[in-house]
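Residue numbers (numbering that gives the first Met the number 0), protein chains in the order written: chain A, 0 to 378; chain B, 0 to 353; chain C, 0 to 251.
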Amino acid sequence: MSKIKSLAASLLVTATFLPAMALAGDVVTVTDITGREVEVEVPVEKVILGEGRQIYFTAALDGEDPFKRVVGWRDDFEKADNDGYHQYLEKYPEMADLPTFGGMKNGTFDVEQAVALQPDVIILNLDAKVATEEGGYIEKLGKVGIPVVYVDFREKPMENTEPSMRLIGKLYGKEDKAEEFIEFRAAEIAKVTDKLAAQSDLAKPVVFVERAGGYSDDCCMSFGNENFGKMVEMAGGINMAAEIIPGTFGTVNPEQIIASDPDQIIVTGANWELYVPGGNWVGVGAGADPEVSADKLAGLMERPGFTGVKAVRDNNVHAIWHQFYNSPYQFVAVQQIAKWLHPELFADLDPEATFQELHDRFLPIDYRPGYFVSLNSSK
Amino acid sequence: MAVSEIVPTEEGRGLYRALAFRRILVICGLIVALAFSFSLDLAIGPARYPLSEVLSALVNPSGAELQTRVVLWDIRMPIALMAITVGGCLSLAGAQMQTILANPLASPFTLGISAAASFGAALGLVAGVAIFPAAVQYMVPINAFLMAMAASLFIYLLSTVRGVTVQTIVLLGIALVFTFNALLSLLEYLASEQALAAVVFWTMGSLTKATWGKVLATFIILVVCVPFFARHSWALTALRLGDVKAASFGVNIRSLRLKTLLGVSLLAAIPVSFVGTIGFVGLVGPHIARMLVGEDQRFFLPAAILCGSLMLSATSVVSKIILPGAILPIGVITALVGVPFFFALIFADRRQSW
Amino acid sequence: MVTLQLKGVGARYGSTLAVEGVTTPVFSGGELTAVIGPNAAGKSTLFKRISGLLKGPGDVVLAGNRAAPRDAIRYMPQDTHANAVLTVYESVLLAAKQGEGWRVKDSELVEIDQILKALQIDSLAFRNLGELSGGQRQLVSIAQALVRRPEVLMMDEPTSALDLYRQVEVLNFMRDLARRQGTLVLIALHDLNHALRFCRNTMVIAEGRLVAAGPSEDVITSSMLRDIYRVEARVEACSRGENHVIIDRSAA
Numbered sequence: 000m001s002k003i004k005s006l007a008a009s010l011l012v013t014a015t016f017l018p019a020m021a022l023a024g025d026v027v028t029v030t031d032i033t034g035r036e037v038e039v040e041v042p043v044e045k046v047i048l049g050e051g052r053q054i055y056f057t058a059a060l061d062g063e064d065p066f067k068r069v070v071g072w073r074d075d076f077e078k079a080d081n082d083g084y085h086q087y088l089e090k091y092p093e094m095a096d097l098p099t100f101g102g103m104k105n106g107t108f109d110v111e112q113a114v115a116l117q118p119d120v121i122i123l124n125l126d127a128k129v130a131t132e133e134g135g136y137i138e139k140l141g142k143v144g145i146p147v148v149y150v151d152f153r154e155k156p157m158e159n160t161e162p163s164m165r166l167i168g169k170l171y172g173k174e175d176k177a178e179e180f181i182e183f184r185a186a187e188i189a190k191v192t193d194k195l196a197a198q199s200d201l202a203k204p205v206v207f208v209e210r211a212g213g214y215s216d217d218c219c220m221s222f223g224n225e226n227f228g229k230m231v232e233m234a235g236g237i238n239m240a241a242e243i244i245p246g247t248f249g250t251v252n253p254e255q256i257i258a259s260d261p262d263q264i265i266v267t268g269a270n271w272e273l274y275v276p277g278g279n280w281v282g283v284g285a286g287a288d289p290e291v292s293a294d295k296l297a298g299l300m301e302r303p304g305f306t307g308v309k310a311v312r313d314n315n316v317h318a319i320w321h322q323f324y325n326s327p328y329q330f331v332a333v334q335q336i337a338k339w340l341h342p343e344l345f346a347d348l349d350p351e352a353t354f355q356e357l358h359d360r361f362l363p364i365d366y367r368p369g370y371f372v373s374l375n376s377s378k
Numbered sequence: 000m001a002v003s004e005i006v007p008t009e010e011g012r013g014l015y016r017a018l019a020f021r022r023i024l025v026i027c028g029l030i031v032a033l034a035f036s037f038s039l040d041l042a043i044g045p046a047r048y049p050l051s052e053v054l055s056a057l058v059n060p061s062g063a064e065l066q067t068r069v070v071l072w073d074i075r076m077p078i079a080l081m082a083i084t085v086g087g088c089l090s091l092a093g094a095q096m097q098t099i100l101a102n103p104l105a106s107p108f109t110l111g112i113s114a115a116a117s118f119g120a121a122l123g124l125v126a127g128v129a130i131f132p133a134a135v136q137y138m139v140p141i142n143a144f145l146m147a148m149a150a151s152l153f154i155y156l157l158s159t160v161r162g163v164t165v166q167t168i169v170l171l172g173i174a175l176v177f178t179f180n181a182l183l184s185l186l187e188y189l190a191s192e193q194a195l196a197a198v199v200f201w202t203m204g205s206l207t208k209a210t211w212g213k214v215l216a217t218f219i220i221l222v223v224c225v226p227f228f229a230r231h232s233w234a235l236t237a238l239r240l241g242d243v244k245a246a247s248f249g250v251n252i253r254s255l256r257l258k259t260l261l262g263v264s265l266l267a268a269i270p271v272s273f274v275g276t277i278g279f280v281g282l283v284g285p286h287i288a289r290m291l292v293g294e295d296q297r298f299f300l301p302a303a304i305l306c307g308s309l310m311l312s313a314t315s316v317v318s319k320i321i322l323p324g325a326i327l328p329i330g331v332i333t334a335l336v337g338v339p340f341f342f343a344l345i346f347a348d349r350r351q352s353w
Numbered sequence: 000m001v002t003l004q005l006k007g008v009g010a011r012y013g014s015t016l017a018v019e020g021v022t023t024p025v026f027s028g029g030e031l032t033a034v035i036g037p038n039a040a041g042k043s044t045l046f047k048r049i050s051g052l053l054k055g056p057g058d059v060v061l062a063g064n065r066a067a068p069r070d071a072i073r074y075m076p077q078d079t080h081a082n083a084v085l086t087v088y089e090s091v092l093l094a095a096k097q098g099e100g101w102r103v104k105d106s107e108l109v110e111i112d113q114i115l116k117a118l119q120i121d122s123l124a125f126r127n128l129g130e131l132s133g134g135q136r137q138l139v140s141i142a143q144a145l146v147r148r149p150e151v152l153m154m155d156e157p158t159s160a161l162d163l164y165r166q167v168e169v170l171n172f173m174r175d176l177a178r179r180q181g182t183l184v185l186i187a188l189h190d191l192n193h194a195l196r197f198c199r200n201t202m203v204i205a206e207g208r209l210v211a212a213g214p215s216e217d218v219i220t221s222s223m224l225r226d227i228y229r230v231e232a233r234v235e236a237c238s239r240g241e242n243h244v245i246i247d248r249s250a251a
């Protein structure tokens, strides 16, 4: 009897302590987005973000204190998303003191500095993979016991967002939160895709997406069948440039816009004051003034390549925040695009409300509208 | 050889006149080819208008449909004209560069003018720095132009120093090229993705930036520089016989070199600041002209201009055919179009030197 | 009759005087004067100074010239290998145009035809410069120098690349031309027998200074040859009574 009791007791003790032991730094093997198997001690307490904008997902999971784990990051946040940067800076001024790096993409990653910060993991974007392998960074970091994992929200966002979020959830010890996010996202996307699938014979409008309209005086950069191009297709549209541009990015002859006569035009924009001060870009983003944005958008439509185009005549011209192309929030963009392309079908859909909910449930900062602008004011 | 009773023959004179006439024919041929290329450039494009519609919109713009008129007059025409003026400027600059530097590899970019211009443009695109703050919307072309002229001025000033030889000038230019390219790379490294794409596109050259204003500016530069070179035709040709020979013919070689350098700088800097760097035309255009009509500047100058214009115009047409609807970097296609023609000429006429 | 005299003439490259203190007797048109001396003695420099390509102290006294000095004096440099894409005819035309004007007049073409024929290179008229041999190029240079009928002509080693036949022909031609047109010709030569044979007078330049100037047979002596050329030689009359330089050996 006592043997069984002691066995039961030891089992009970082990059972009680097991989770605690798992919480206190277990070394697990995770699979990153490229299929690499990496050993990491989870939950990580110190992390280096390979791109400043990785704060988008970090804040979603660590909403209560987004910078608690971050010991260093790349310096692109301020320049690429100036409005977002300032939003976070207001609430977390200590953000400005974080050590910054150049990027692995440019081959300027300072391994020594990274080691000095003693991170438990370094999270890199997939597009840094080639440069990282060329520089042999993974081996070098491996020698000092710093693991590297790849995530992706840019190259194949539709495939890789979910596994990326799960991976990060595991690393941060916030698997539940990650699942919550993934569920939320999937449900919101389904609101679009399910409805579209249910339609037989749906008339798909031809959409011209201009990348960073007004950034330079060239006309016009656009997307092939990835990235924003793919988002348009997901939202039930036809990407005008898909047949014309061989790769993911390219430039379209302004005449082609007239020739193709798209039904809808979407211009991506952001606050690029630091890059092109006073430029003709449309500064949509957190807290942007919708009237100013609309004015600039209208100004862009006066360029010769847009003369008499159907979308311009019908005022089906919209601007959308550029950074959606590299963010786990891009499902909100898909919703907004769907609403623009099929207003009657998605009359009940409210992308701003979705974005608001995302901010309320997951993010430590407030939602400030201004990410979307349309010249068709009924939308 | 008796000196006193020399009867001048008819032959030499007659042959020379015939030679000159043949060259004029070649130049006329180039003009015809250019006109043809220009017409194609106007007639071809993604918005496929039938020839009759193009013609009527040309002749009677107010009667044409709005879209047709805009496509023809605001999109196609400036690009077609820009190709002609820019090609002419670059080729002329290259021709005179090769003349005064006595170097067959000289092009307007040998002296670092294009590298400086690229750097200036990148300053604008990447860092938002306007060298001339007053006109921000023209920041990129103004930056490019100012940097290009700064580089030229630098070379010019150094050329006035006593004892500086042609080889020194060329080396100086190469040093500038490397310097500006390094600075450009630095800016590219610091750039955002959009800026980087814009800079790279700029350095590959693009006629799509053409506007009527830019066409006019480039044309004016050409019109201003040509009479100067024409007036000094014989002197410039004489330079090709060597400095001492030319001096013995009474040519003020120093002054001629300096003035030509200034002209070349303008001819290279202005188009580059408008359309980015388009290589190859300035190097090969003059060579083709030389193979066709020789180095007598009275023929060589117009032929060089026409060859450059023709090359760039043909490139514009070809790029629309290869990948309709999209825009390819023009510098790449210029090489693809020009190289086979250049090879053909080299092998057809190996008697010529250079 | 055009005359030329140098009084204390020097020539400056930058701040250094390459040639100085050259004072000569008066030379008259109608005959050839040889300018001899070791390599790098300053013969070319002196020619450049006289033609105005270089500056320096002293006076170049020109008298009896019909045209302005700039047009009357012509310098024919040593041949440099130019690879311009020009025909022979055009390169002589360049010399005729002197960098001015635009249209080509018939009278200019007549001059070119004449000089090409006289030098027997009319068959080369429409060959490219790059195809010519060294000797042929030299003949073209001579044509360029003569086409404007200069009154004073300085020729810098005009026969160095020519074969013996052409050397004699060219020098004969120059002597006849000088006599007929009254041209004053200075020729830098290395062949001292040519100097003796074709040139009435001779100037000797060594180390930037004038060593001797006067009738050729007075200037070209075996002591001069020993001092200036460091060659043991005799100047003796041949069986026809003409003086020739006969070289025995090089001196110490």
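Think of the CB as a built atom: it goes at the ideal place given N, C-alpha and C, for glycine as much as any other residue.
Closer than 8 Å to chain C by CB, residue i
i, result
"B/Leu335", "no"
"B/Leu240", "yes"
"B/Arg12", "yes"
Residue-level contact to chain A via CB, residue i, 8 Å cutoff
i, result
"B/Ser61", "no"
"B/Ala197", "yes"
"B/Gly330", "no"
"B/Ala147", "no"
"B/Gly127", "yes"
Chain-order list of residues whose beta-carbon lies under 6 Å from that of residue i (same chain, five-residue window excluded)
i, result
"C/Ala10", "Ala17, Val18, Thr44, Arg48, Leu53, Gly55"
"A/Lys295", "Val281"
"B/Leu327", "Ser318"
"C/Thr78", "In the sequence as presented, Thr is not what sits at residue 78 of chain C; that position holds Asp. Here the set comprises Arg136, Gln137, Ser140."
Inter-residue spacing [alpha-carbon to alpha-carbon] between residue i and residue j
i, j, result
"C/Val184", "C/Arg148", "12 Å"
"A/Phe227", "A/Asp25", "39 Å"
"B/Leu255", "C/Arg174", "37 Å"
"A/Gln255", "A/Glu232", "20 Å"
"B/Phe179", "A/Asp109", "26 Å"
"A/Pro289", "A/Asp82", "14 Å"
"B/Arg16", "C/Lys116", "18 Å"
"A/Thr306", "A/Glu38", "57 Å"
"A/Thr57", "A/Val46", "10 Å"
"B/Arg68", "B/Cys88", "28 Å"
"A/Asn375", "A/Ala337", "15 Å"
C-beta contact flag for residue i and residue j at 8 Å
i, j, result
"B/Gly212", "B/Val274", "no"
"A/Ile181", "A/Arg165", "yes"
"C/Ala322", "C/Ala205", "Residue 322 of chain C is absent from the structure shown; chain C starts at 0 and stops at 251."
"A/Leu97", "A/Val114", "no"
"A/Ser221", "A/Tyr55", "no"
Cutoff 8 Å: residue i Cβ touching any chain B Cβ
i, result
"C/Ala17", "no"
"A/Lys128", "no"
"A/Leu123", "no"
Beta-carbon proximity list for residue i, same chain, < 7 Å, skipping 5 on both sides
i, result
"C/Ala236", "Asn242"
message: Any C-beta of chain A within less than 9 Å: which residues of the region 205-232 of chain B qualify?
response: Ser205, Thr207, Lys208, Thr210
- prompt: Quick one, which residues of the region 301-331 of chain A are near chain B if we go by CB-CB under 7 Å, in chain order?
  reply: Pro303, Gly304, Thr306, Gly307
query: Which residues, in order along the region 52-69 of chain C, keep a beta-carbon less than 8 Å from a beta-carbon of chain B?
result: Leu52, Arg69
- request: With 9 Å as the limit, tell me which residues of the region 239-253 of chain A have their beta carbon closer than that to any beta carbon of chain B; keep them in chain order.
  value: Ala240, Glu242, Ile243, Ile244, Pro245, Phe248, Gly249, Thr250, Val251, Asn252, Pro253
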